[in-house]
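Using the numbering used here, the letters of the sequence shown map in sequence onto residues 13 to 296.
Comments concern the structure below.
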Amino acid sequence: MNKIIYTFVLLLTTNLTFSQIKMEGLVKDSLNNPLELANVILINKETSALESFAISNANGEYKLSLQKNTSYNLQVSYIGMESISRQIDSKENDINKDFTLSQSNVLDAVELTYEMPVKISGDTLIYNADSFNTGTERKLEDVLKNLPGVEVNDDGQIEVEGKVVGKVMVEGKDFFDGDTKIATKNIPSNAIDKVQILKNYSEVGQLSGVQNNQDNIAINIKLKKGKDKFWFGNVTAGVSAIEGLLNNTSDKEVDNQSLYLFQPKLFYYSPKYTVNVIGDLNNI
Numbered sequence: 013m014n015k016i017i018y019t020f021v022l023l024l025t026t027n028l029t030f031s032q033i034k035m036e037g038l039v040k041d042s043l044n045n046p047l048e049l050a051n052v053i054l055i056n057k058e059t060s061a062l063e064s065f066a067i068s069n070a071n072g073e074y075k076l077s078l079q080k081n082t083s084y085n086l087q088v089s090y091i092g093m094e095s096i097s098r099q100i101d102s103k104e105n106d107i108n109k110d111f112t113l114s115q116s117n118v119l120d121a122v123e124l125t126y127e128m129p130v131k132i133s134g135d136t137l138i139y140n141a142d143s144f145n146t147g148t149e150r151k152l153e154d155v156l157k158n159l160p161g162v163e164v165n166d167d168g169q170i171e172v173e174g175k176v177v178g179k180v181m182v183e184g185k186d187f188f189d190g191d192t193k194i195a196t197k198n199i200p201s202n203a204i205d206k207v208q209i210l211k212n213y214s215e216v217g218q219l220s221g222v223q224n225n226q227d228n229i230a231i232n233i234k235l236k237k238g239k240d241k242f243w244f245g246n247v248t249a250g251v252s253a254i255e256g257l258l259n260n261t262s263d264k265e266v267d268n269q270s271l272y273l274f275q276p277k278l279f280y281y282s283p284k285y286t287v288n289v290i291g292d293l294n295n296i
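Written out as structure tokens, the structure reads:
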């Protein structure tokens with residue numbers, strides 16, 4: 013039986029792996045200097061969905077995963093450079109392709125055909141949530157699971173590049189009392205505009221990089237316009253009588269033996285103030 017299960021899992025994993033190919037190469041300027049932090053994105057022509065993206069490293073290298081026999085719109089962009097748009101038709105083999113970007117001479121009218129899914133500003137990594145959403149997300153944890161480099165376990169604990177996130181804020185405000193799981197399991201996905209990963213986060217003055225806190229990572233959620241005033245959270249409640257005490261007792265005595273549970277975890281956010289309602293009332 014175990015051999016059958018192992019074989020099935022192996023075949024499933026193999027099929028998923030073989031259905032994809034790699035696309036990699038370099039992004040450089042007209043002087044052949046490598047461009048670090050260039051955005052390379054692939055948009056599926058049939059579904060118009062962002063299917064793969066990469067940020068070039070210090071050597072200008074990028075790497076993408078894409079489906080075989082699929083047509084994509086590819087966009088390569090870098091601040092201050094003219095973007096490149098190409099059609100990529102994948103086949104059965106891996107693709108190796110370099111891109112050379114030219115200095116942009118247009119300062120006034122700039123047309124953005126697709127918002128960059130990821131931006132880097134100092135120690136802050138900024139994800140555009142809608143670029144990664146599939147439409148099935150309900151809570152923040154569903155959004156985070158879509159982001160490259162971010163993982164959320166079954167308990168709602170967040171990790172970024174293997175490091176545990178110690179704080180989740182909304183618009184720079186901390187009202188989860190350090191409990192990131194409350195945030196991941198309660199903030200509605202449709203209110204999220206940007207997810208900011210703050211590396212080297214310091215509590216001093218709420219500034220990043222003030223102290224040498226390389227393992228201290230926080231997340232700040234930026235909200236969409238019109239979604240900046242809302243209640244969210246949940247309430248656990250229940251009442252029941254203890255079985256076995258219903259015989260030979262009066263109704264009053266039965267009531268006295270009832271069990272009750274009331275645990276609210278409710279939050280209200282607005283730009284001016286926030287409200288926390290967290291409690292635990294029970295006789296269990």
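All residues carry an ideal CB built from backbone N, CA and C; glycine is no exception.
Review point. Should the segment 80 to 91 be regarded as contacting the segment 158 to 174, the criterion being three or more beta carbon pairs within less than 8 Å?
Key: Judged by Cβ distances under 8 Å, the segment 80 to 91 makes no contact with the segment 158 to 174, as fewer than three pairs qualify.
**Study point:** Neighbourhood of residue 185 by C-beta distance below 7 Å, restricted to the same chain and skipping five residues each side
**Key:** 286, listed in sequence order.
Exercise for review: Report the residue ranges of all beta strand (DSSP E) runs contained in full by the segment 85 to 147; include only those spanning at least 3 residues, in chain order.
Suggested key: Counting only runs of 3+ residues, the beta strand (DSSP E) found wholly inside the segment 85 to 147 occupies 96 to 101, 111 to 113, 130 to 133 and 136 to 140, in chain order.
**Study point:** Element boundaries [alpha helix (DSSP H), containing residue 154]
**Key:** Looking at the DSSP string, the run of the alpha helix (DSSP H) that includes residue 154 is 152 to 157.
Review point. From residue 175 to residue 211, what distance separates their C-alpha atoms?
Key: Each residue's alpha carbon lies about 10 Å from the other.
Review point. Below 8 Å between beta carbons: does that hold for residue 151 and residue 179?
Key: Contact flag unset, no.
Exercise for review: Please specify which runs of the alpha helix (DSSP H), each continuous and at least 4 residues long, are wholly inside the segment 30 to 67, giving them in chain order.
Suggested key: Runs found: none.
**Study point:** Simplified DSSP assignment, three categories, for residue 294
**Key:** Note: residue 294 maps to strand in three-state DSSP.
Practice item. Give the secondary structure of residue 83 by DSSP, where H, G and I count as helix, E and B as strand, and everything else as coil. Key: In the three-state reduction of the DSSP assignment, residue 83 falls in the strand class, which pools E and B.
Check your understanding: Where does residue 249 sit, in a helix, a strand or coil, going by DSSP?
Key -> Residue 249: strand per DSSP, three-state reduction.
Review point. Count the other CB atoms within 10 Å of the CB of residue 147; is the residue buried (16 or more) or exposed (fewer)?
Key: Answer is exposed; the Cβ neighbour count stays below 16.
Point to revise | CB contact flag (residue 172, residue 96, <8 Å) | key: Contact: no.
Check your understanding: Considering only C-alpha positions, which residue in the set 42, 69 and 35 is nearest to residue 80?
Key -> Among 42, 69 and 35, the Cα nearest to that of residue 80 belongs to 35.
**Study point:** Segment limits, alpha helix (DSSP H) that includes residue 70
**Key:** Segment: none, residue 70 is in no alpha helix (DSSP H) and carries neither H nor E.
Review point. Opposite residue 200 in the DSSP bridges: which residues?
Key: Answer by DSSP bridge pairing, in chain order: 151.
Check your understanding: Which of the three DSSP states, helix, strand or coil, is assigned to residue 185?
Key -> For residue 185, the three-state secondary structure derived from DSSP is strand.
Point to revise | residue 231 versus residue 101: straight-line alpha-carbon distance, rounded | key: Distance between the alpha carbons of residue 231 and residue 101: 37 Å.
Exercise for review: Drop a sphere of 10 angstroms on the beta-carbon of residue 220, count the other beta-carbons inside from all chains shown, and report buried for 16 or more, exposed for fewer.
Suggested key: In this prediction, residue 220 scores a pLDDT of 45, lower than 50, which makes its location untrustworthy; the coordinate-derived value is nonetheless stated afterwards. Buried, by the Cβ-count rule.
Exercise for review: Determine the DSSP secondary structure at residue 193, reduced to helix, strand or coil.
Suggested key: Correct three-state label for residue 193: helix.
Practice item. Would you give the residue range spanned by the beta strand (DSSP E) that residue 232 belongs to? Key: Per DSSP, residue 232 belongs to the beta strand (DSSP E) from 229 to 235.
Check your understanding: Just to confirm, are residue 57 and residue 66 a CB contact at a threshold of 8 Å?
Key -> No; because the gap between Cβ atoms is not below 8 Å, this pair is not in contact.
Check your understanding: Could you give the residue range of the beta strand (DSSP E) that holds residue 163?
Key -> Per DSSP, residue 163 belongs to the beta strand (DSSP E) from 162 to 164.
Exercise for review: For residue 281, name the three-state secondary structure that DSSP assigns.
Suggested key: When secondary structure is reduced to three states using DSSP, residue 281 falls in the strand class.
Review point. Pick from 251, 276, 202 and 248: whose alpha carbon is nearest that of residue 241?
Key: Check the Cα spacing between residue 241 and each of 251, 276, 202 and 248: the tightest is with 202.
Point to revise | C-beta atoms of residue 183 and residue 131 nearer than 8 Å | key: No.
Review point. Near residue 92, what residues of its chain come up, given a Cβ to Cβ distance below 8 Å and the 5 sequence neighbours on each side ignored?
Key: Listed in chain order, the non-local C-beta contacts of residue 92 below 8 Å within the same chain comprise 115 and 116, local neighbours out to five positions each way being set aside.
**Study point:** Opposing strand residues paired with residue 208 [DSSP bridges]
**Key:** Residue pairing by DSSP puts residue 208 in a beta bridge opposite 138 and 232.
Review point. Between the C-alpha atoms of residue 292 and residue 272, what's the straight-line distance to the nearest angstrom?
Key: Residue 292 and residue 272: Cα-Cα distance of roughly 11 Å.
Check your understanding: Is the beta carbon of residue 296 less than 8 Å from the beta carbon of residue 208?
Key -> It is not a contact, given that the beta carbons lie outside the stated cut-off.
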